[in-house]
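A quick write-up on the structure given underneath.
Numbering (the numbering used here), first residue to last: 2 to 606.
Here you go:
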């Protein structure tokens, strides 16, 4: 067996699709796979040494996103014409060359099947042509319905219909199809008569956290969310609901903990929405397990009905592994809604009304039996459906090979990052954008668009606003805009009850240590948390629940927990740690025993 993986993203650790492909490629025996990647030059791809010893060709794909063109009424017809012409050129010249290159590469590797990820116009156009050119079976992999991709990338109607036909043709020509969900697999089987199996993002069973069957007994509630913000209206509904309730549920303050590649949209205080950035799967599962409720929004928009019905969010699987109750905020026809109804691993909010969302959350918090059952069923669902063993079985059916490797052989494709071959591939991936005409042209257009916008603003402020007929009109507009911004800041300031940011956050396990601070110690400049618990999870929760964003957490030197462990665990939420000593002698004595790297030291005066 020798597989040619045709994809727009290689197996990697910094992109969601790359993570899923990484898990699947680990199952493939050594020297049984090669990559032909046609990637977006704008996307940053971090090559994983684990897969660097696999033969690969990495090429840039032509521009597939036409959102940079004006879409407003009056100019959208011109934009559609440009899109149509651009796509025609891409198909005739760029894609045809990529097809020839992929066929030559596949022949040189003696492949006997093509595994094509149908994501974007380029791979959709290439898939069937490459398989025919190599005279081997085609196995197609679908993340999302093409209709969603076409609308998100502003394709014109003619191109959208033509590529959709090519998509359908590739599915029909497939020996087997891997789908994003069970409903999608059933659809393709009934509509196209092809063998299909859901291949959904899964994780090692070790990632599963023990289900927490009751709310943590402290002063707040943490609601966790991971992933991208494609369901923006649903997210706005959550924010609006929390603002209306003054960021409280069941008389407890609420903090949102967000993990992902992009900062959450909207207006809010950073002290209420704590964005921790992108985390690897292990750290993400750990942080989510510290939360009380996990929030999964999915679009109600009728234009995205096909996506909601047939796709399955990868964050949902991670939520199941975290062992916490899931609140799914999406329509009743969505695939996760059906899964929750079958597995009883969460609750569904089928409305965009903030009151409905609030009532569901409050009911979940107050109903101990419901909360406990959801947490337990979540872990059961993960173990039964989304471990690597389940994924291996589905992938074996899809790719047509039962001889897949086990856990102990996962590093078979490894190539050291110090190897010259690795550095060469890494350099080629990093610099591919500069050899791409579409990337250069796209950047030029973006710069031109920014220049036109700045010029228009300059003309408005310096020329038009000074003309007598318009002067008063623009003065009033500017005044009201500034007043709205000022009032919004006041409202957010009052809701957040912010009275000035403290200088330090200190955690101690000793009340005597606090009493020994003395009257000269200005406690308004510090937040002091007294915690007798030795649980690091408890300390991290307390840190996340405070009303301030403080980058360094200080501990008194008598704390019984291991310093390196504290540094590693608090590092997962983006916090540095420091130690406060009673005297210089204590500090010197501590440093003689062991000097810790990246830890700050203070002496109490």
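Glycine included, C-beta positions come from ideal geometry on N, C-alpha and C. Predicted, not measured: the structure shown is a model, and the values here were computed from it.
Cβ-based burial, residue i [other Cβ within 10 Å; buried from 16]
| i | result |
| --- | --- |
| residue 13 | buried |
| residue 121 | buried |
| residue 456 | exposed |
| residue 563 | exposed |
| residue 598 | exposed |
| residue 245 | exposed |
| residue 499 | Because residue 499 sits at a pLDDT of 46, beneath the cut-off of 50, its placement in the model cannot be relied upon, and the following sentence gives the value as read from the coordinates. The residue is exposed, with fewer than 16 neighbouring Cβ atoms inside 10 Å. |
| residue 132 | buried |
| residue 7 | buried |
| residue 26 | buried |
| residue 409 | Residue placement at residue 409 is poorly supported in this model, since its pLDDT is 47, which falls under 50; the coordinates are not used for a value here. |
| residue 393 | buried |
| residue 592 | exposed |
| residue 638 | Residue 638 lies beyond the stretch modelled for the chain, which goes from 2 to 606, so this question has no answer here. |
| residue 542 | buried |
| residue 93 | exposed |
| residue 388 | buried |
| residue 472 | exposed |
| residue 304 | exposed |
| residue 229 | exposed |
| residue 488 | exposed |
| residue 81 | buried |
| residue 23 | buried |
| residue 479 | exposed |
| residue 71 | exposed |
| residue 557 | buried |
According to DSSP, residues forming a beta bridge with residue i
| i | result |
| --- | --- |
| residue 60 | 39 |
| residue 294 | 224 |
| residue 642 | Outside the modelled stretch of the chain, which goes from 2 to 606, sits residue 642, for which no answer is possible. |
| residue 469 | In the DSSP output, where bridge partners are listed per residue, residue 469 has none listed. |
| residue 602 | 580 |
| residue 177 | 140 |
| residue 197 | 178 |
| residue 557 | 581 |
| residue 13 | 48 |
| residue 204 | 388 |
| residue 119 | Paired residue(s): none; residue 119 is not in a bridge. |
| residue 527 | 505 |
| residue 541 | Answer is none; residue 541 lacks a bridge partner. |
| residue 34 | 4 |
Close Cβ partners of residue i (< 8 angstroms) along its chain, the five nearest in sequence each way excluded
| i | result |
| --- | --- |
| residue 288 | 225, 258, 260, 277, 280, 573, 574 |
| residue 198 | 177, 178, 179, 180, 186, 395, 398, 399 |
| residue 314 | 228, 297, 299, 337 |
Supposed contact pair residue j and residue i - C-beta distance, whole angstroms, cut 8 angstroms
| i | j | result |
| --- | --- | --- |
| residue 568 | residue 560 | With 8 angstroms as the limit, residue 568 and residue 560 do not qualify as a contact, their Cβ atoms being about 12 angstroms apart. |
| residue 373 | residue 181 | In fact, because the Cβ distance is near 31 angstroms, the residues do not count as touching under 8 angstroms. |
| residue 323 | residue 295 | 6 angstroms |
| residue 551 | residue 580 | That belief does not hold up - the Cβ atoms of residue 551 and residue 580 are roughly 16 angstroms apart, past 8 angstroms. |
| residue 139 | residue 176 | 6 angstroms |
| residue 604 | residue 576 | Their Cβ separation, rounded to whole angstroms, is 21 angstroms, which puts residue 604 and residue 576 out of contact at 8 angstroms. |
| residue 292 | residue 249 | Incorrect: roughly 17 angstroms between the Cβ atoms, too far for contact. |
| residue 127 | residue 159 | The pair is not a contact, with the Cβ atoms about 20 angstroms apart (cut-off 8 angstroms). |
| residue 194 | residue 237 | Not really, about 42 angstroms apart at Cβ, beyond 8 angstroms. |
| residue 379 | residue 426 | About 40 angstroms separates the two Cβ atoms, so there is no contact after all. |
| residue 683 | residue 547 | With the chain running from 2 to 606 in the structure shown, residue 683 is simply not present. |
Same chain, Cβ closer than 7 angstroms to residue i, neighbours up to 5 away in sequence not counted
| i | result |
| --- | --- |
| residue 545 | 223, 256, 258, 275, 574 |
| residue 135 | 104, 107, 108, 112, 115 |
| residue 417 | 50, 423 |
| residue 2 | 33, 113, 402 |
| residue 382 | 321, 344, 346 |
| residue 430 | 46, 48, 59 |
| residue 145 | 181, 308, 312 |
| residue 532 | 508, 510, 539, 540, 543 |
| residue 167 | 125, 126 |
| residue 253 | 220, 221, 222 |
Close beta carbons around residue i, own chain, < 6 angstroms, minus the five adjacent residues each side
| i | result |
| --- | --- |
| residue 497 | For residue 497, the predicted model reports a pLDDT of 49, less than 50, meaning its position is unreliable; a value from the coordinates is still stated below. Here the set comprises 270, 272. |
| residue 205 | 389 |
| residue 57 | 36 |
| residue 298 | 232, 235, 236, 330 |
| residue 530 | 508, 543 |
Cβ-heavy atom distance, residue i to the ligand PLP, below 8 angstroms
| i | result |
| --- | --- |
| residue 384 | With respect to the ligand PLP, the structure offers nothing, as it holds no ligand at all. |
Fully enclosed by the stretch 299-366, which alpha helix (DSSP H) runs are 4 residues long or longer? 306-311, 315-323, 336-344
Could I get the ranges of all uninterrupted alpha helix (DSSP H) runs contained in the stretch 233-285, with 4 residues as the minimum, in chain order? 233-245
Considering only residues of the stretch 50-111, which uninterrupted alpha helix (DSSP H) runs meet the minimum length of 4 residues and lie entirely inside it, listed in chain order? 77-90, 97-109
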